[in-house]
């Protein structure tokens, strides 16, 4: 390789399903990868693919300027990097682990206090499939640090740099997971309803996909409404309450747990009660935001 095109290299600490996917993506892009993990079996699997083994955290940090963390949470970062705090000086830590925005900000300060630069990231992916067309990564932290290392990180997924606030990537990431978690549970409830009623889930799914195509429209409409205090109309709120009851009945008639729908109904009813008390429509957005 010529001097004009020196080899790119990175360390990856944490080899769960996401960490392993990152290692494979780096290797496929021709990036030299050094790996560390508590479980040596996972290290062995990555070494077989061409990664280099680090016996210790200190060795992994020393191997490259940039280290990517793929851990369960930020508490694990302290546990891992705390094994070799002196090795952090003049390094770059890119933490792609999930946690709260405040935990990300505290983690960034902790890393910088030990002489390293820091970027926070949130990986939006289809499971651990970072090559999926819908996958991308939020980044936040100093713009100069991101710009300096964006090309190295590019194999992981398309990049969305949000701003200098260390917690910003986690705000966006957790906000999107806020949508995903109840959606996943709702899909389980819906398909359980179909199955317990004696029908084929496979036949139902195309209709679910077709229905989801309207979600972007609703998001855009409600985004406008929420910037103005939220959508609220007492008659419509009462209709949503009644609709939730129909879902509860349809689920419970065939023995499906409808706790999620009961919870949704409780918010429609709270909004109706708050509207009657206030003498004007009160939206569920206002309730959730704590504005009422």
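Residue numbers (the numbering used here): 17 to 308.
Quick reminder that beta carbons are idealized off the backbone N, C-alpha and C, glycines included.
Judging by CA-CA distance, which residue of the options is the nearest neighbour of residue i?
i           : options               : result
residue 173 : 179, 155 and 213      : 155
residue 194 : 54, 83, 115 and 59    : 115
residue 263 : 300, 274, 176 and 255 : 274
residue 297 : 33, 140 and 244       : 244
residue 189 : 235, 280, 228 and 137 : 137
residue 144 : 163, 33 and 234       : 33
residue 110 : 140, 168 and 74       : 168
residue 153 : 132, 184, 124 and 133 : 184
residue 281 : 253, 260, 55 and 205  : 260
residue 285 : 272, 266, 265 and 252 : 252
residue 122 : 91, 70, 268 and 151   : 91
Run the CB neighbour count on residue i, radius 10 Å, all protein chains shown included, and call it buried at 16 or more, exposed below.
i           : result
residue 35  : buried
residue 199 : exposed
residue 107 : buried
residue 53  : buried
residue 182 : buried
residue 292 : exposed
residue 42  : buried
residue 50  : buried
residue 46  : exposed
residue 246 : buried
residue 157 : buried
residue 139 : buried
residue 72  : exposed
What does DSSP give as the partner residue(s) for residue i in the beta ladder?
i           : result
residue 82  : 108
residue 69  : 51
residue 151 : Bridge partners of residue 151: none, in fact.
residue 139 : 153
residue 176 : 154
residue 145 : 142
residue 134 : 109
residue 25  : 48
Skipping 5 residues on each side, what residues in its chain have a beta carbon closer than 8 Å to that of residue i?
i         : result
residue 9 : Nothing about residue 9 can be read from this structure; the chain reaches only from 17 to 308.
Looking only at its chain, what residues have a beta carbon closer than 7 Å to the beta carbon of residue i, apart from the 5 residues adjacent to it on each side?
i           : result
residue 78  : 103
residue 30  : 53, 85, 86 and 87
residue 270 : 209, 212 and 213
residue 187 : 117
residue 128 : 134
residue 290 : 298, 303 and 308
Can you tell me the Cα-Cα spacing of residue i and residue j, whole angstroms?
i           : j           : result
residue 306 : residue 277 : 21 Å
residue 97  : residue 67  : 20 Å
residue 208 : residue 219 : 13 Å
residue 130 : residue 222 : 53 Å
residue 308 : residue 302 : 6 Å
residue 179 : residue 124 : 14 Å
residue 142 : residue 203 : 16 Å
residue 57  : residue 89  : 21 Å
residue 126 : residue 236 : 38 Å
residue 295 : residue 265 : 31 Å
residue 233 : residue 61  : 44 Å
residue 217 : residue 76  : 47 Å
residue 159 : residue 206 : 44 Å
residue 255 : residue 132 : 55 Å
residue 177 : residue 162 : 8 Å
residue 224 : residue 230 : 11 Å
residue 95  : residue 101 : 10 Å
What does a CB cutoff of less than 6 Å around residue i pick up in its chain, not counting 5 residues either side in sequence?
i           : result
residue 19  : Confidence in residue 19 is poor, its pLDDT being 46 and thus under 50, which makes the residue's placement unreliable; the coordinate value appears in the next sentence. The answer is none, since no qualifying residue turns up.
residue 25  : 48 and 80
residue 249 : 297
Give a yes or no on whether the minimum CB-CB distance between residue i and chain C is below 8 Å.
i           : result
residue 181 : No chain C appears in the structure shown, which is made up of a single protein chain.
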